[in-house]
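Enquirer: Take this structure, written in structure tokens, and hold onto it; I'll ask about it next.
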Amino acid sequence: MADLVYLMDTNILSNAGLQRPPPGLRTWMKAVGAKSLALSYPAITELRRGAHLAQKHDPQKAARLHAWIEDILSVDFRFADFTPTAASLYAEMTTVGPLRHFYKQPPEQKKDKLGHDLHFAALSIAHQMPIATMNIKDFMSIGRYFPLPGLYQPLENIWYINCPSSLRPKPPKRNRTETDPDDRDFRFLK
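In structure tokens:
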């Protein structure tokens with residue numbers, strides 16, 4: 010049986026990094042462990058973009074965000090590469106009319122929005138990694154057209170799209186808490 014590796018949506022990382030993160034999120038991340046969590050270029054891009062946007066109005070905040078992102082990158086997370094298979098899936102996803110809002114911004118929308126959900130979905134399918142997210146709705150929409158290998162909301166502990174039995178999660182090795190002192194892997198969770 011393969012070990013389960015969750016592909017983290019950006020909102021998992023950004024919420025975990027808050028001064029007051031949603032209750033249970035950090036505990037879940039620590040219980041699962043860094044080796045069972047995967048980063049990807051869309052998450053890094055979205056986090057870096059936030060730091061660059063902050064630079065315009067608050068350079069000190071931007072510097073803190075860049076340092077925080079470096080801390081994330083130093084963790085021994087798995088990395089889901091954007092492979093030719095993922096690229097092919099993403100290209101196919103951009104041909105599905107009902108998914109257009111994920112890759113094309115309506116002209117009346119004033120604020121630029123990067124849409125990486127299709128990238129996350131393509132990576133999830135290509136690497137057979139279920140997505141861990143707090144944004145269930147968008148991935149459920151994508152899942153109607155492209156079967157995802159699982160969609161998990163860790164705060165609710167609910168699988169919105171069940172993962173295959175070959176990827177079923179194993180129970181954590183030991184109980185972890187929000188303040189576990191032996192968490193060098195998760196130093197970005199301050």
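So for the sequence shown, the numbering used here puts the first residue at 10; every next one is plus one.
Just so you know, even glycine gets a beta-carbon here, dropped at the ideal spot from N, CA and C.
Below 8 Å, how does it come out for the segment 56-69 and the segment 87-99: are there three or more Cβ pairs, yes or no?
Expert: In short, these stretches do not touch, since the Cβ pair count stays below three.
Enquirer: Below 8 Å between beta carbons: does that hold for D12 and S49?
Expert: In this structure, S49 does not lie closer than 8 Å to D12 by Cβ.
Enquirer: Which same chain residues, not among the five before or five after F148, have their C-beta less than 7 Å away from its C-beta?
Expert: If we look at F148 and ignore the five residues flanking it on each side, its Cβ neighbours are D126, A130, I140, T142, L157, L160.
Enquirer: Leaving aside the five residues before and after P163 along the sequence, list all residues of the same chain whose C-beta is less than 6 Å from its C-beta, in chain order.
Expert: Closer than 6 Å at Cβ, skipping near neighbours: W37, A141.
Enquirer: Select from V41, P30, L27, L34 the residue whose C-alpha is nearest the C-alpha of Y15.
Expert: The shortest C-alpha separation from Y15 is found at V41.
Enquirer: How far does the alpha helix (DSSP H) with A130 in it reach, from first residue to last?
Expert: Taken as a continuous stretch (DSSP letters only), the alpha helix (DSSP H) holding A130 covers 126-136.
Enquirer: Can you give me the start and stop residues for the beta strand (DSSP E) that M17 sits inside?
Expert: 15-17 is the extent of the beta strand (DSSP E) around M17.
Enquirer: Taking 7 Å as the limit between beta carbons, can you name the residues of its chain near I145, skipping five residues before and five after?
Expert: Same-chain partners within the cutoff: L160, Q162, Y169.
Enquirer: According to the Cβ coordinates, are W77 and G26 closer than 8 Å?
Expert: In contact: W77 and G26 (Cβ atoms closer than 8 Å).
Enquirer: If distances are taken between C-alpha atoms only, which option among N166, L132, E165 comes closest to F155?
Expert: Taking only the C-alpha atoms, the option nearest F155 is L132.
Enquirer: Strictly by DSSP, which residues pair up with A47?
Expert: DSSP output for A47 lists L16, R87 as bridge partner(s).
Enquirer: Taking a contact to mean a Cβ-Cβ separation below 8 Å, would you say F88 touches A47 in this structure?
Expert: Contact: yes.
Enquirer: Can you tell me which residues form a DSSP beta bridge with Y161?
Expert: Partner(s): A141, W168.
Enquirer: With the cut-off set at 8 Å, would you say S23 and L56 are in Cβ contact?
Expert: In contact: S23 and L56 (Cβ atoms closer than 8 Å).
Enquirer: Short of 6 Å in beta carbon distance, which residues of its chain neighbour P190, apart from the five on each side in sequence? Order them along the chain.
Expert: Residue confidence for P190 is low, a pLDDT of 43 falling below 50, so the modelled location carries little weight; the figure read from the coordinates is stated next. Here the set comprises nothing.
Enquirer: Quick check on DSSP: helix, strand or coil for S23?
Expert: Note: S23 maps to helix in three-state DSSP.
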